[in-house]
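Student: Okay, here's the structure, questions in a sec.
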Amino acid sequence: MTSSCEVPGLTVPRSRFPDPEHDLPAEAGEARAVLAGGCFWCVEAVFLAVDGVTRVVSGYAGGSAETANYEAVCTGTTGHAEAVAIHYDPARVSYGGLLKVFLSVAHDPTQLNRQGNDIGHQYRSAIFYETEAQKTVAEAYLRQLERAGVYQDPIVTTLEPLTEFYPAETYHQNYAARNPHQPYIMAVAAPKVAKLVAQYPGRLKPEYRREPSDRDEEV
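Letter by letter, the sequence shown follows residues 808 to 1026 of the working numbering.
Here's what the structure looks like:
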C-alpha cells in the first residue's frame, strides 16, 4: 500500500453526484453491503463516518477460505479483493446511499485492478451483491452514472455474487482510526474522509460534523 489516489476524472461536483433512481426499501433490522475499492483501510475509514453505519469489517471476498489471508491475497492471484462488510440501519441510510458514497468518494471506479499505486486484482473495484435486489439496484445505478457522464473514463466496477466474506486479521480492523499518523493513512485514507466531510455533511455521524459555517453544499 503506497501513495494517494485522487479522482481527477470526476466531471460533476461530488455534492451534485446523482442519487440512485432505484433503491432498496427501508426495511427494519440491520442490513449489509459488501464493497471493494482498493485498500480496505481507506474504504473502512470512509464508511465508519457515515451516519446509519453501525460497524464496518475489513476482509476478503471473491476467493476461497484457504487463501483468505493477507499474505496470500497480496499476491493478487487468489481471486479475493480487499473488501469491507458495511453493516447499516436501512432506516437511516439506504443501500443506494452507500453506493453513492462508494462511487463518488471512497474510491475511483474508473481504475482497473488498482487504486493509485496499489496495483493488482486484489485492489479491483467491485460490488459483491448478496441478493438479486442488491444486484438490480447496483446495476441500475452504474448505468445511471454512465448515462450521466459523471466520469470522463468508463466505470469499471464489477458486479460479483458474494459467496462468502472472510474477516481480515485483527490488526487490519479499524486500522485508520488506530493509526492516524501512519504515512499511508495520512496520505490516502484521511483525504477520502475529508472529502466525505466536506461534500456530504448531511450523511455524517455527529462526531464527524463541522460547524455550519464550514460546510460545503449539502447533498
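No residue lacks a Cβ here, since even glycine has one placed at the ideal position from N, Cα and C.
Provide the residue span of the beta strand (DSSP E) that contains residue 968, from first to last.
Tutor: Here residue 968 refers to the residue found at position 161 of the sequence shown. From DSSP, the beta strand (DSSP E) with residue 968 extends over 965–968.
Student: With a cut-off of 8 Å, do at least 3 Cβ pairs link the stretch 856–863 to the stretch 877–886?
Tutor: Judged by Cβ distances under 8 Å, the stretch 856–863 makes no contact with the stretch 877–886, as fewer than three pairs qualify.
Student: Considering only residues of the same chain and omitting the five flanking positions on each side of residue 972, which have a CB-CB separation below 6 Å?
Tutor: In the sequence shown, counting from the first residue as 1, residue 972 sits at position 165. Excluding sequence neighbours, residue 972 sits near 841, 866, 868, 892.
Student: Would the stretch 818–837 count as touching the stretch 901–912 if we require 3 or more Cβ pairs under 8 Å?
Tutor: Yes, the stretch 818–837 touches the stretch 901–912.
Student: For a minimum of 4 consecutive residues, which ranges assigned as the alpha helix (DSSP H) are wholly contained in the stretch 968–997?
Tutor: If we require 4 residues or more, the alpha helix (DSSP H) runs fully inside the stretch 968–997 come out as 982–985.
Student: Measuring alpha carbon to alpha carbon, tell me which residue in 910, 968, 924, 988 is nearest residue 961.
Tutor: By 1-based counting over the sequence shown, the position of residue 961 is 154. That would be 910, whose Cα lies nearest to the Cα of residue 961.
Student: Here's the rule I'm using: 16 or more other beta-carbon atoms within 10 Å means buried, otherwise exposed. How should residue 813 be labelled?
Tutor: In the sequence shown, counting from the first residue as 1, residue 813 sits at position 6. At residue 813 the pLDDT is 48, less than 50, meaning the model places this residue with poor confidence; the figure from the coordinates comes in the next sentence. It counts as exposed.
Student: Taking 8 Å as the cut-off, is the C-beta of residue 1004 nearer than that to any heavy atom in the ligand GDP?
Tutor: Of ligands this structure carries none, so the ligand GDP is not represented either.
Student: Identify every residue that forms a DSSP beta bridge with residue 863.
Tutor: In the sequence shown, residue 863 corresponds to position 56, counting from 1. In the DSSP output, where bridge partners are listed per residue, residue 863 has 893.
Student: If we count the other Cβ atoms within 10 Å of its Cβ and call it buried at 16 or more, is residue 922 buried or exposed?
Tutor: As a working note, residue 922 is residue 115 in the sequence shown. Classification of residue 922: buried, given that the 10 Å Cβ count is 16 or more.
Student: Among 852, 906, 919, 959, which residue has its Cα nearest to the Cα of residue 941?
Tutor: Residue mapping note: residue 941 aligns to position 134 of the sequence shown, counting from 1. Among 852, 906, 919, 959, the Cα nearest to that of residue 941 is on 906.
Student: Helix, strand or coil: how does DSSP classify residue 959 here?
Tutor: Locating residue 959 in the sequence shown gives position 152, where the first residue counts as 1. In this structure, residue 959 counts as coil in the three-state DSSP scheme.
Student: Just to confirm the assignment, what range does the alpha helix (DSSP H) spanning residue 879 have?
Tutor: Here residue 879 corresponds to residue number 72 of the sequence shown, with the count starting at 1. First-last of the alpha helix (DSSP H) with residue 879: 877–880.
Student: Report yes or no: do three or more beta-carbon pairs, one from the stretch 948–958 and one from the stretch 847–859, lie closer than 8 Å?
Tutor: These segments do not touch.
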